[in-house]
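The listed protein sequences derive, respectively, from chains A and B.
Here the first sequence is numbered in our numbering, starting from 1 and rising by one per residue.
Here the second sequence is numbered in our numbering, starting from 1 and rising by one per residue.
For reference, the structure is listed below as structure tokens.
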Amino acid sequence: MKPRPFAYRRATSVEEACSLLDGPVDARVIAGGQSLVPMMNLRLVSPGLLVDIGGLAELQRVTLAGDALHIGALVRHRQVETDLLVARHVPLLASAVRHVAHQAVRNRGTLGGSLCHADPAAEFPACMLVLEATLHIASSGSERTVAAGDFFRGMFATALEPGEMLTGVSIPLTAARDRAALHEMSRRHGDLALAGIVGRRGQGVQRWAAFGIEDRAVRLFHLETVLADRPQAGEAEMLAALAIDLPSTAGAGTAGRAKLVIAAELARRCREDIDRAGVTA
Amino acid sequence: MSGIHTIKFRLNGRAVAKHVEPRTSAADMIRHVSGLTGTHVGCEHGVCGACSIVLDGAVVRGCLVFAVQLDGADVETIEGASDSGRIAALQAAFVDRNALQCGFCTPGMLLIAAELLSREPSPSREQIREALSGNICRCTGYEAIVDAVAAAAKVKP
Numbered sequence: 001m002k003p004r005p006f007a008y009r010r011a012t013s014v015e016e017a018c019s020l021l022d023g024p025v026d027a028r029v030i031a032g033g034q035s036l037v038p039m040m041n042l043r044l045v046s047p048g049l050l051v052d053i054g055g056l057a058e059l060q061r062v063t064l065a066g067d068a069l070h071i072g073a074l075v076r077h078r079q080v081e082t083d084l085l086v087a088r089h090v091p092l093l094a095s096a097v098r099h100v101a102h103q104a105v106r107n108r109g110t111l112g113g114s115l116c117h118a119d120p121a122a123e124f125p126a127c128m129l130v131l132e133a134t135l136h137i138a139s140s141g142s143e144r145t146v147a148a149g150d151f152f153r154g155m156f157a158t159a160l161e162p163g164e165m166l167t168g169v170s171i172p173l174t175a176a177r178d179r180a181a182l183h184e185m186s187r188r189h190g191d192l193a194l195a196g197i198v199g200r201r202g203q204g205v206q207r208w209a210a211f212g213i214e215d216r217a218v219r220l221f222h223l224e225t226v227l228a229d230r231p232q233a234g235e236a237e238m239l240a241a242l243a244i245d246l247p248s249t250a251g252a253g254t255a256g257r258a259k260l261v262i263a264a265e266l267a268r269r270c271r272e273d274i275d276r277a278g279v280t281a
Numbered sequence: 001m002s003g004i005h006t007i008k009f010r011l012n013g014r015a016v017a018k019h020v021e022p023r024t025s026a027a028d029m030i031r032h033v034s035g036l037t038g039t040h041v042g043c044e045h046g047v048c049g050a051c052s053i054v055l056d057g058a059v060v061r062g063c064l065v066f067a068v069q070l071d072g073a074d075v076e077t078i079e080g081a082s083d084s085g086r087i088a089a090l091q092a093a094f095v096d097r098n099a100l101q102c103g104f105c106t107p108g109m110l111l112i113a114a115e116l117l118s119r120e121p122s123p124s125r126e127q128i129r130e131a132l133s134g135n136i137c138r139c140t141g142y143e144a145i146v147d148a149v150a151a152a153a154k155v156k157p
């Protein structure tokens with residue numbers, strides 16, 4: 001199908017983009033468009049104004065800033081896949097991107113777009129949770145930061161307020177350098193995950209998250225506690241923790257139970273990868 | 001309220017200017033305004049890959065880019081790729097191996113396969129399958145297409 005008519009403006013600065021977003025019309029940011037445009041074509045969303053931030057070069061960079069790796073919101077999946085700084089400092093993201101859609105979509109889709117779209121089955125939101133990333137948000141005349149743990153609010157819902165846009169993420173290098181792994185189950189390669197788990201283990205640190213299971217990417221605090229106490233906890237123990245961390249799935253009958261079993265197996269595979277990887281730097 | 005935008009971009013090496021509504025997809029503009037019908041429109045939501053075009057050097061879905069976003073860009077369609085000869089080895093291999101029947105998916109298959117070979121000159125069958133996984137073919141069962149890409153990789157200089 002074709003989208004409903006809309007107005008289009010190409011922003012030449014973050015400031016201009018924010019002021020356009022702040023207007024009376026129902027405005028949406030378009031970056032890579034790989035999630036927004038399908039939804040517009042299917043008429044699931046029909047914004048009155050698209051603010052195209054695709055030309056903002058300052059949002060397309062990956063830079064080391066102090067003790068964090070900063071990734072601009074417009075960095076494309078393909079760049080995450082091939083960028084030397086990402087490969088060196090956050091190999092988790094470079095490996096996660098191989099699960100995202102297909103080559104042509106990765107050529108165009110952006111990291112920031114994936115985070116703002118907040119698909120419950122997307123890989124990057126869960127990665128941001130375990131990496132304890134900070135999200136940088138701009139609006140007319142001001143900026144703020146939000147911890148990844150506070151950003152994802154539900155299916156396609158984030159902490160972004162009207163008139164705000166994501167400009168990038170900062171990933172602390174200490175977190176980025178820990179051993180980490182991601183596993184997911186999908187029907188075909190590149191399809192959205194039916195269930196996915198991502199884990200990170202550092203010095204005395206366990207950070208785990210699930211995606212494709214609840215209505216958003218979810219931190220698995222109970223699993224973290226169990227694994228911190230007993231790194232080689234058995235399947236039953238991990239299942240019990242997951243049932244607490246993923247309450248609406250645990251309460252969803254046989255199908256929910258099946259998802260928890262899958263999640264426990266994916267967590268076991270992540271742990272196996274983390275055990276095997278040695279100290280990655 | 002949507003208005004008409006004038007865009008200037010390069011299409012298969014030639015500078016062009018077009019007038020477009022914001023909601024017109026790049027694929028529709030290329031087909032209906034520029035008359036280049038090798039770019040096919042299948043699902044219109046990014047699943048099938050038939051509308052593939054090369055935008056600033058990377059293969060993208062023509063249905064997931066609005067024409068108005070092409071202002072200032074460099075666009076190559078299957079016609080440009082074919083006329084330039086850069087995919088000739090792939091085309092010959094597709095013919096040799098009967099890697100197409102109806103031909104609807106073929107332009108997209110050729111463009112994504114060419115991108116794969118430019119990134120990875122000697123891909124494994126697994127890599128070929130992964131690269132083609134975003135392009136749907138309802139005729140061939142894919143085996144012949146994978147064979148053709150593998151064969152083209154061998155003849156490429």
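Backbone N, C-alpha and C define an ideal beta-carbon position, used for all residues, glycine too.
Keep in mind that this is a model prediction, so the values were computed, not measured.
{"Check": "Host alpha helix (DSSP H) of Ser82/B (start-end)", "Outcome": "78-84"}
{"Check": "Gly46/B at chain A interface by Cβ criterion, 9 angstroms", "Outcome": "yes"}
{"Check": "Residue nearest to Leu166/A in terms of C-alpha spacing, selected from Arg177/A, Phe152/A, Ala122/A", "Outcome": "Phe152/A"}
{"Check": "Cα-Cα separation, His183/A to Ala87/A", "Outcome": "18 angstroms"}
{"Check": "Spatially closest choice to Glu161/A from Arg269/A, Glu143/A, Ala122/A, by CA coordinates", "Outcome": "Glu143/A"}
{"Check": "Contact residues within the region 25-46 of chain A, judged by C-beta distance below 7 angstroms to chain B", "Outcome": "Gly33, Gln34, Val37, Pro38, Asn41, Leu42"}
{"Check": "C-alpha gap between Ile7/B and Ala17/A, whole angstroms", "Outcome": "20 angstroms"}
{"Check": "Contact set between Val60/B and chain A, taken where Cβ atoms lie within less than 7 angstroms", "Outcome": "Ala104, Asn107, Arg108"}
{"Check": "Cα-Cα separation between Ala138/A and Arg61/B, rounded to whole angstroms", "Outcome": "29 angstroms"}
{"Check": "Val63/A - partner residues in DSSP beta bridges", "Outcome": "It is Thr, not Val, that sits at residue 63/A in the sequence shown. Beta-bridge pairing links Thr63/A to His70/A."}
{"Check": "Classification of Ala282/A by the beta-carbon crowding that lies within 10 angstroms, buried from 16 upward", "Outcome": "The structure shown does not extend to residue 282/A, since chain A spans only 1 to 281, so no value can be given for it."}
{"Check": "Rounded separation between Leu20/A and Ala50/B - CA only", "Outcome": "34 angstroms"}
{"Check": "Pair within 9 angstroms by beta-carbon distance, Gly55/A and His77/A", "Outcome": "no"}
{"Check": "Listed by chain order, chain B residues near Arg230/A by CB distance under 8 angstroms", "Outcome": "Simply none; closest approach about 37 angstroms."}
{"Check": "Proximity test, Cβ basis, 9 angstroms: Ile112/B and chain A", "Outcome": "yes"}
{"Check": "Gln103/A versus Gln69/B, Leu70/B, Ser122/B, Cys48/B, residue with shortest Cα-Cα distance", "Outcome": "Cys48/B"}
{"Check": "His136/A, buried or exposed, once every other Cβ within 10 Å from all chains shown has been counted against 16", "Outcome": "buried"}
{"Check": "Partners in chain B for Arg61/A, counting only beta-carbon separations shorter than 8 angstroms", "Outcome": "By Cβ distance, chain B contributes nothing, its closest Cβ being about 17 angstroms from Arg61/A, past 8 angstroms."}
{"Check": "Contact list for the region 84-104 of chain A against chain B, Cβ threshold 9 angstroms", "Outcome": "Arg98, Ala101, His102, Gln103, Ala104"}
{"Check": "Buried versus exposed call for Gly72/B [16 or more other C-beta atoms within 10 Å across all chains shown]", "Outcome": "exposed"}
{"Check": "Nonlocal neighbours in the same chain, by C-beta distance under 6 angstroms from Glu132/A, ignoring five residues either side", "Outcome": "Ala175"}
{"Check": "Continuous alpha helix (DSSP H) stretch holding Phe9/B: start and end", "Outcome": "Looking at the DSSP string, Phe9/B is not in any alpha helix (DSSP H); the run it does join, the beta strand (DSSP E), is 5-11."}
{"Check": "Short CB-CB distance (under 9 angstroms) between Arg23/B and chain A", "Outcome": "yes"}
{"Check": "Partners in chain A for Val65/B, counting only beta-carbon separations shorter than 8 angstroms", "Outcome": "Gly33, Val37, Arg108"}
{"Check": "Below-9 angstroms beta-carbon distance, Asn12/B vs any chain A residue", "Outcome": "no"}
{"Check": "Contacts around Leu36/B, its chain only, beta-carbon distance under 7 angstroms, and the 5 residues preceding and following it disregarded", "Outcome": "Ile30, Thr77, Glu79"}
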